[in-house]
Structures are given as C-alpha cells and as structure tokens.
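A quick write-up on the structure given underneath.
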Amino acid sequence: MSELPPLIVHIIYRLDVGGLENGLVNLINRMPSEKYRHAIICLTDSTDFSKRIQRPDVAIFEIHKKPGQDGGSFLKVYKLLKQLEPEIVHTRNLAAIEYQLCAFLAGVPFRVQGEHGWDVFDPEGNNVKYRWLRFSLGFLIQRFIPLSRQLEDYLQYKVGISAQKITRICNGVDTERFYPAQGQRQTLVDCPLDLQNKLLIGTVGRMHGVKDQLTLVKAYILACQQSASFAGKACLALIGDGPLRELAVNLLQQHGLDDKAWLPGERQDVAQIMRGFDVFVLPSKAEGISNTILEAMASGLPVIATRVGGNPELVLNETTGLLVEKENVPAMAAALQSLVGDDGKRRQFAEAAWRRAQQEFSMDSMVARYLAVYDRH
Numbered sequence: 196m197s198e199l200p201p202l203i204v205h206i207i208y209r210l211d212v213g214g215l216e217n218g219l220v221n222l223i224n225r226m227p228s229e230k231y232r233h234a235i236i237c238l239t240d241s242t243d244f245s246k247r248i249q250r251p252d253v254a255i256f257e258i259h260k261k262p263g264q265d266g267g268s269f270l271k272v273y274k275l276l277k278q279l280e281p282e283i284v285h286t287r288n289l290a291a292i293e294y295q296l297c298a299f300l301a302g303v304p305f306r307v308q309g310e311h312g313w314d315v316f317d318p319e320g321n322n323v324k325y326r327w328l329r330f331s332l333g334f335l336i337q338r339f340i341p342l343s344r345q346l347e348d349y350l351q352y353k354v355g356i357s358a359q360k361i362t363r364i365c366n367g368v369d370t371e372r373f374y375p376a377q378g379q380r381q382t383l384v385d386c387p388l389d390l391q392n393k394l395l396i397g398t399v400g401r402m403h404g405v406k407d408q409l410t411l412v413k414a415y416i417l418a419c420q421q422s423a424s425f426a427g428k429a430c431l432a433l434i435g436d437g438p439l440r441e442l443a444v445n446l447l448q449q450h451g452l453d454d455k456a457w458l459p460g461e462r463q464d465v466a467q468i469m470r471g472f473d474v475f476v477l478p479s480k481a482e483g484i485s486n487t488i489l490e491a492m493a494s495g496l497p498v499i500a501t502r503v504g505g506n507p508e509l510v511l512n513e514t515t516g517l518l519v520e521k522e523n524v525p526a527m528a529a530a531l532q533s534l535v536g537d538d539g540k541r542r543q544f545a546e547a548a549w550r551r552a553q554q555e556f557s558m559d560s561m562v563a564r565y566l567a568v569y570d571r572h
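Okay, so the sequence shown: first residue is 196 according to the numbering used here, each after it adds one.
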C-alpha cells in the first residue's frame with residue numbers, strides 16, 4: 196500500500212458562511228489530492244457550509260469551545276493533534292492563533308498562521324495585547340500568511356515579525372461559480388421586487404457591526420431623498436443575516452422604502468444572486484482581502500467599497516469602481532447616484548472589474564502559492 200500524502204490540519208473558529216471559511220473550502224477543493232490530505236478543527240462547531248467541501252476524505256472535528264477563556268479546549272486540540280499526527284497545522288486569525296501552542300507541544304513539524312482580516316474588537320489592529328500575542332507566538336510559528344499588503348505591513352512593522360517569515364497570498368476567486376450574467380438579468384428566486392427597468396444595488400455578507408450595512412442603507416435612503424430619478428430607478432438588496440438585519444429593515448420602513456428593498460437573510464445561491472445585481476457595494480469598517488469583492492468583480496459588477504484594509508488593492512478607483520471613506524453616508528450616497536445615473540460608466544467599470552478578476556486573482560495562482568508554502572515543510 197502506498198504511503199498516504201501528508202496531512203494538513205486547519206484550525207478555525209467556526210465553519211460557517213464567511214470569507215475566511217470560503218477561502219479555506221476553495222483551497223481544499225482545488226488542491227491536488229495526491230499532494231496533501233486535510234482535516235479541519237472547528238474551535239466551536241460547523242454548519243451546513245461544510246457541504247461545500249467536495250473531497251470525501253476531509254474530517255471535521257468540533258471542539259465546542261466555551262465563550263471566553265476555555266482551558267479545556269486547549270487540551271482537546273492537543274490530544275486531537277497527537278492522534279492525527281499532521282505534518283502541518285494552519286491556524287487562521289486571532290481566534291485560533293493561541294492553538295499554535297498545542298501544535299508546538301504536539302510536535303507538529305510545520306506551523307502556519309493565516310491573517311485574513313482584523314478582529315471585530317480591533318478593527319484597526321491597534322490593540323497592544325493582540326500585537327504582543329502575535330509577536331510571542333511568532334517564535335513558534337514558522338510562516339505567517341497575510342492576505343493583504345496592509346496586513347503584511349502590520350505584521351512586519353507593528354507586530355515585529357521578520358519579513359523572512361511572511362508570505363502574502365491574496366485570495367483567488369472561483370470563476371466557474373462567479374461569472375457575468377449573459378443577456379437578461381438572472382432571475383432572483385423568491386425576490387418580491389419588480390425589477391423591470393430598475394437597477395439593483397446589492398451587498399452580501401454577515402450583517403454585524405464591522406460589515407456596517409447600515410451605512411449602505413442610510414446612503415440609499417439619502418440618495419432617494421436627494422434624487423427622484425434615483426428613487427424611481429434603484430432598488431436595494433442586502434443578502435446575509437445577523438443583528439444589523441432587523442435594524443436595517445426598521446430604517447427602511449421608517450422612510451417608506453421597505454417595498455424597494457429585499458433582505459432575505461442568509462442564502463446558498465449567492466453566485467446566482469450576484470448575477471442579478473447591477474452594482475455591488477461593500478460598506479465595511481475594516482477588511483482583509485474581501486472574497487465578496489472578488490466574487491462581484493468576477494460576476495462583472497462595478498464595485499463601490501470603503502477605503503479600508505485590502506479594498507484599495509482590489510478596487511481601482513474610477514477604473515473598476517469607486518472608493519469612499521468608511522462610515523461616510525453622504526459620500527456613499529454620491530457614489531450610488533454616480534453609478535446608477537451613468538449607464539456608460541457602470542458598464543465600463545463592470546468590464547474592467549471582470550478583466551481584473553480574470554487576470555490578477557485566479558484560483559490556480561492562489562493554490563500554487565499555498566502549495567509553495569506547504570511544500571517547504
């Protein structure tokens with residue numbers, strides 16, 4: 196019997212809908228099965244999102260970590276790593292980095308930490324405790340993988356990680372799932388809006404604080420108040436669930452615009468929904484490298500995004516879309532009116548965004564760069 200390929204254990208907080216998790220699933224699905232095996236340790240639990248994993252040999256373990264400090268979770272992870280005997284452990288983001296200690300104690304030969312974006316409690320990366328945690332655990336970690344140039348600079352200049360330990364790898368986008376609509380608008384299942392002769396402004400993501408969908412809602416309301424033409428032409432879709440959803444619904448109702456908006460909660464048909472959008476907006480307060488921006492670009496959409504994190508690395512202002520300052524409702528309202536009111540600009544940005552996604556952010560390139568890191572073990 197031939198020897199099994201080396202095992203990589205990926206440690207994440209939870210396997211649920213999200214950019215980090217989407218990137219992990221894409222990586223596992225695209226990596227040659229003869230090169231590496233994979234297992235996922237979820238510090239809390241996993242959801243039906245795990246069904247996106249196409250390989251049948253990927254084991255998923257749930258630790259059911261308690262909120263806050265949970266010493267028992269470290270023991271569970273340590274025992275599991277001793278049992279699995281991986282060649283590589285790859286933790287992702289602040290929520291998982293402490294479990295590098297388990298990997299070190301369990302004798303895992305190669306230890307990797309991925310930095311996908313700021314923690315929700317530290318959106319600017321200024322928390323001294325978090326920086327010290329990354330610095331101290333950096334003595335146990337052989338390779339850091341930031342997804343954006345901003346995160347790379349943060350690790351090197353704010354945390355103090357040696358440049359020799361850092362490899363920046365941008366996410367790739369699955370152009371087989373995300374591609375432009377051909378001809379007529381993609382039919383949106385269960386959407387109650389009458390979109391004939393209308394434009395649909397949309398966003399996709401968890402509806403919680405750092406994603407800041409409320410700024411988009413307020414900007415849409417302001418644009419409707421400022422321009423009767425905009426109000427008669429533009430509809431709004433917010434795809435995702437979370438605590439901001441109810442607040443967004445209430446805001447729209449208060450201004451009599453709930454009949455022009457669609458907030459269906461979490462959906463599994465995001466690629467099809469993207470093909471029903473005319474403009475994509477990402478209003479986040481902080482970002483790493485946004486999968487949803489890449490997916491929107493691959494879907495042939497002009498993008499309005501906040502000038503935070505890795506967004507300026509993806510969206511070329513006045514070329515593939517528009518960049519605005521975070522939490523700036525008037526600026527976002529102006530950007531919305533600019534694209535809704537100018538068919539030529541919208542089509543020009545859409546074409547440029549699609550070409551950029553194809554040329555700069557291929558999935559094959561992403562997988563090759565991860566393989567290069569893993570092969571160093």
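For each residue, glycine too, the CB sits at the ideal point set by N, CA and C. Keep in mind it's a predicted model, so treat the numbers as computed, not measured.
Among residues of its own chain, excluding the 5 on either side of tyrosine 349, which ones have a beta-carbon nearer than 7 Å to its beta-carbon? Gly320
At 3 residues or longer, what runs of the beta strand (DSSP E) sit wholly inside the stretch 322 to 405? 338 to 341, 394 to 399
Just the C-alpha distance for proline 200 and isoleucine 207, rounded to the nearest angstrom, thanks. 22 Å
According to the Cβ coordinates, are valine 136 and isoleucine 434 closer than 8 Å? The question about residue 136 has no answer, for the chain in this structure spans 196 to 572.
Where arginine 209 falls: helix, strand or coil (DSSP): coil
On a Cα-Cα basis, can you pick out the residue from Ser485, Ala234, Pro251 that is closest to valine 510? Ser485
At the level of alpha carbons, what is the spacing between cysteine 237 and leucine 489? 25 Å
Beta strand (DSSP E) containing arginine 462: first to last residue? Unbroken run through arginine 462: none, as it is neither H nor E.
So if DSSP puts serine 557 in a beta bridge, which residue, or which two residues, is it bridged to? Val368
Would glutamine 351 and glycine 505 qualify as a contact pair, given that the criterion is a beta-carbon distance under 8 Å? no
Do you know offhand how far methionine 196's Cα is from aspartate 369's? For methionine 196, the predicted model reports a pLDDT of 44, less than 50, meaning its position is unreliable and no value from the coordinates is stated.
Cutting at 6 Å between CB atoms, please list the residues of its own chain near glutamine 308, excluding the five before and the five after it. Thr286, Ile292, Ile336, Phe339
Taking DSSP as the reference, what is the three-state secondary structure of glutamate 185? No answer is possible for residue 185: the residues shown for the chain start at 196 and end at 572.
DSSP bridge partner residues for asparagine 512 (one or two, in chain order): Gly516
Measure the CB-CB distance between valine 524 and leucine 417 and report whether it falls below 8 Å. yes
In terms of alpha-carbon separation, which member of Pro375, Gln532, Ala414 lies closest to alanine 443? Ala414
Straight-line gap, lysine 260 to lysine 428 (C-alpha atoms, nearest Å): 48 Å
DSSP three-state assignment for glycine 267, whether helix, strand or coil: helix
Cα separation between glutamine 379 and asparagine 392? 12 Å
Whole-angstrom distance between methionine 469 and leucine 383, CA atom to CA atom: 9 Å
Is it buried or exposed, lysine 521, if we count other Cβ atoms within 10 angstroms and call 16 or more buried? buried
Report yes or no: do three or more beta-carbon pairs, one from the stretch 555 to 568 and one from the stretch 444 to 460, lie closer than 8 Å? no
Which residue from Ser241, Gln249, Leu279 puts its Cα closest to that of arginine 225? Gln249
Are threonine 501 and serine 479 closer than 8 Å when you measure CB to CB? yes
Within a Cβ cutoff of 8 Å, which residues of the same chain sit near phenylalanine 256, ignoring the five residues on either side of it in sequence? Ala234, Ile235, Ile236, Cys237, Leu275
Quick one: Cα of valine 272 to Cα of aspartate 211, how far? 19 Å
Are glycine 367 and phenylalanine 556 close, meaning C-beta to C-beta below 8 Å? yes
Look at the Cβ atom of proline 281, then the Cβ atom of isoleucine 364, and state whether they are nearer than 8 Å. no
Any idea if tryptophan 327 is buried or exposed, counting beta-carbon neighbours within 10 angstroms, 16 or more meaning buried? exposed
Sequence-distant residues of its chain with Cβ nearer than 7 Å to leucine 411 (five each side left out): Thr398, Val476, Pro478, Met527
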